[in-house]
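Enquirer:
Residue numbers (our numbering): 180 to 1120.
(1) Using only CA atoms, which one of 385, 346 and 866 lies nearest to residue 280?
(2) Go ahead and pull the three-state DSSP assignment for residue 1074.
(3) In the DSSP assignment, the alpha helix (DSSP H) including residue 522 goes from what residue to what residue?
(4) Can you check which of these residues, 503, 979 and 444, is closest to residue 432 by C-alpha distance?
(5) Out of 768, 299, 524 and 724, point me to the one whose CA is closest to residue 615's CA.
(6) Going by DSSP in three states, residue 931 sits in which element: helix, strand or coil?
(7) What distance in whole Å lies between the Cβ atoms of residue 872 and residue 1090, which are believed to be in contact at a cut-off of 8 Å?
(8) In whole angstroms, what is the alpha-carbon distance linking residue 863 and residue 918?
(9) Are the Cβ atoms of residue 774 and residue 751 separated by less than 9 Å?
(10) Whole beta strand (DSSP E) runs in the stretch 938-1026 with 3 or more residues, listed along the chain?
(11) Please give the ranges of any alpha helix (DSSP H) in the stretch 388-461, keeping only runs that are unbroken, at least 4 residues long and fully inside the region.
(12) Around the Cβ of residue 254, are there at least 16 other Cβ atoms within 10 angstroms (buried) or fewer (exposed)?
(13) For the beta strand (DSSP E) containing residue 1088, list its first residue and its last residue.
(14) What does a CB cutoff of less than 6 Å around residue 289 pick up in its chain, not counting 5 residues either side in sequence?
(15) Taking Cβ positions, are residue 545 and residue 649 nearer each other than 9 Å?
(16) Could you check the C-alpha separation between residue 1057 and residue 869 for me, to the nearest Å?
(17) Helix, strand or coil for residue 258, going by three-state DSSP, please let me know.
(18) I think residue 481 touches residue 489, with their Cβ atoms under 8 Å apart; what is that distance to the nearest whole Å?
(19) Near residue 368, what residues of its chain come up, given a Cβ to Cβ distance below 6 Å and the 5 sequence neighbours on each side ignored?
(20) Which whole-angstrom value describes the C-beta separation of residue 471 and residue 522, a residue pair presumed to lie in contact below a C-beta threshold of 8 Å?
(21) Take residue 1059 and list the residues in its own chain whose beta-carbon comes closer than 6 Å to its own, dropping the five residues that flank it on each side.
(22) With three or more C-beta pairs closer than 8 Å as the rule, is the stretch 521-540 touching the stretch 296-315?
(23) Examine the Cβ distances between the stretch 231-238 and the stretch 205-214 and report whether three or more of them are shorter than 8 Å.
(24) Which of helix, strand or coil does DSSP assign to residue 749?
(25) Quick one, are the C-beta atoms of residue 317 and residue 484 less than 9 Å apart?
(26) Mind checking residue 400: buried by the 16 CB within 10 Å criterion, or exposed?
(27) So what's residue 204 in DSSP terms, helix, strand or just coil?
(28) Look up residue 880 in the DSSP assignment and say whether it is helix, strand or coil.
(29) Let me know the alpha helix (DSSP H) ranges lying completely inside the stretch 319-348, each 4 residues or longer, listed in chain order.
(30) Between the C-alpha atoms of residue 137 and residue 632, what's the straight-line distance to the nearest angstrom?
(31) Taking all protein chains shown into account, do 16 or more other C-beta atoms lie within 10 angstroms of the C-beta of residue 573, making it buried, or fewer, making it exposed?
(32) Tell me which residues share the same chain as residue 121 and place their Cβ nearer than 7 Å to its Cβ, disregarding the 5 neighbours each side in the sequence.
(33) Specify, as a first and last residue, the run of the beta strand (DSSP E) that residue 834 falls within.
(34) Just checking, does the stretch 789-798 make contact with the stretch 601-608 on the three C-beta pairs under 8 Å criterion?
(35) For residue 901, collect the residues of the same chain with a Cβ closer than 7 Å to its Cβ; drop the 5 residues on either side in sequence, then sort them by chain order.
(36) With distance defined between alpha-carbon atoms, name the residue in 1079, 528, 722 and 1097 nearest to residue 983.
The following block contains the structure:
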């Protein structure tokens, strides 16, 4: 976007904000305002620029953001934040002004509300006496967490926090990138400017151009070596407590030790109980970016018979130093930010040592941030099945599969340092990576054709953690890019395939239909469909401008997006661990990803492709393997479950100490690294208030026949159904609803059946070993336990029908089967011994036994608990289960169409919807100590 168009956009946005106070903002209103602005002297635009500007503003004004939820423990906390206290705040005012032309209006309002919420949960910096708050903010990968904590820092400085420490990852490039953003968003000047007797005042940037009179101090700066190193620390003799003082540092033992030494030098009092030196009347705010990474104590801790931790425990060095810095301040607030809180919830909530004070368990609060509607996160990329009132979200068509033979031959999942990538005997990229590079050239050309001539464009190649292998990959990528750029510039010479023809084929067969599909799904006017004739002229320059950079500990390449803000930086970044966490690749559009991890948090954090892609989401591509797509789909579902657990805990007024958090188990994934979850353990958690369904099926014929026989005996024991069936005059299976009756055509329903019938069925039916959430033995044991206390004694059983192939085997002769497609066709081809689906139950089936009044009550509860502006259209699963008495369970049986699984016999699926209960037999989960302690207390163990 040119300076002229940027100025026109800012002016149009101001006028639109004035109009929205009196009338709704429509496309016609936006177009009228844009035309008025472009008539002003010096603000003319081409037809393409005008339409792009209108589409950009229309997209911005249709963004919505949901409601954040929180878990709090207000023990020793005093509410303090109100409008009067905020009246004269200047740091936030200039940050808000700086963001007005950069964020959609709804996103800016959401940021204001979220940072108010978080600031109110830490302590009033003017409050007298000692206090210590520990919290966690859970965002989404690449969703704007840096912008959120920058807003929090500005408000904290306004409120009176005078020392602000930002822990910014493990590597220099991430620390430098974070400092640059805080230069723009908080300091207001270039912290990397040369200082000395002959130096000039640093350049005012970012918020400094809005109000240069505010000048916080910093000792760290934006260059690669700008950390709080020993030489800089030795000459730093500023006492804290006057102007806000910012440190942006790595999580590095030497740097943290330097900072701790300065804190102890600045200490101005003694703790009355221990005699240790502390800093008093200087409130500290510590922001821990990527709080689950390196900050967690990974050493084993001993506990006494009473469950109290060993106070002489020696934590890991980084964790120890972070805690010692906090412990050295009389008034401190620690706020961790992460998108993957798995490790943080495994911290023992009572861990404390004499030297370091409390561990970093978020005992004061957890805030779950919503993502704006324009965020392209895991749910958009990988989709989620329907669950608990949530509609299914199909994945956007952005992933492209790398054939197994290519990944295995070129850079296999397991390889050693020094491995030489070879494809068919030559040191060159495999066809899938060649296509990915061509796709990136097309992205750069498409964005230029759309008028985004100054946009950054990045491609990620992440296939190995070894720098020696990255070097070889860099050489091969460089050779392939040079081949493409040379042929586009000079034309085709000699034999070989035509690069231009290959690009045209990729554009017409892939880019064109994908743009149409994504545009329809996202309803985004900025995703303008382009023709080949519009894009082709931009190809030679687009390819020629692409640079290749290696981002690791040995290469000197640096992603200097700020330096290229006037021309745009077009880069293929090749790396490993440095690209795996925190570092933002501006304008990332194409990713080629082979790195595997079996930890939820590591795998999710590697997903640099998540984030905001305004105007170019349709041209984004992820090239990866079927296995990785499968794993990402699973952790996306696990992540959504964890967030839903957050929301449920918030709705019932839970605190971080009182409620343990559940994380889904998976046979091929660890929750987080084994050392981080030392306080987590396998436990049996309650089926109460949950649904259990079979999604993994054994395809062996003896198992299929055994399950068919089990169903036949079960149906014979049940007898004639209460609803449905072939008997003349049998009532249909239907329930009245406010919008009309729901019916289950062809289904059968039995009511008021004894638990013994269900127990006999579960004893006879076989479930797959990997069906951890529908294990027939565990389910049977749980029901028996509940029967002993007078619960789950009365059952409703439903037998569902569909519109699939008509079955010909007993007990389903003539029955129309239900079709459930495989989760992954490639997975099914690799392992024919099992059949895996995403979801068995249709969401409305859980209400099969609920009348209109119960359904309406569940719907009302769902609306009340909703966190998004989109009104729910059906009750959530938990709200439906709450309507069922503890004595009644619901068992649903699904005869599945064998054809998608390439079988001759039907699969038998079943789901059980359990009512809420205060007692519980449990399924295996990896859980934290808080949940374990509560469970033991509840059962009297």
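Don't be surprised by glycine CBs; every beta carbon is placed ideally from N, CA and C.
Expert: Looking at the atomic coordinates:
(1) 385
(2) strand
(3) No alpha helix (DSSP H) holds residue 522; DSSP gives it neither H nor E.
(4) 503
(5) 768
(6) strand
(7) 4 Å
(8) For residue 863, the predicted structure reports a pLDDT of 46, less than 50, and the residue's modelled location is therefore unreliable. A value from the coordinates is still provided. The alpha-carbon atoms of residue 863 and residue 918 are separated by roughly 40 Å.
(9) no
(10) 973-978 and 1013-1015
(11) 409-413 and 432-445
(12) exposed
(13) 1086-1092
(14) 244
(15) no
(16) 7 Å
(17) coil
(18) 4 Å
(19) 381, 383 and 387
(20) 4 Å
(21) 1025, 1026 and 1037
(22) yes
(23) yes
(24) strand
(25) no
(26) buried
(27) coil
(28) helix
(29) 324-338
(30) Missing from the structure shown is residue 137; the chain here goes from 180 to 1120 and no further.
(31) exposed
(32) Coverage of the chain is limited to positions 180 through 1120, which leaves residue 121 absent and any answer about it impossible.
(33) Careful: residue 834 lies outside any beta strand (DSSP E) and carries neither H nor E.
(34) no
(35) 928, 929 and 930
(36) 1079
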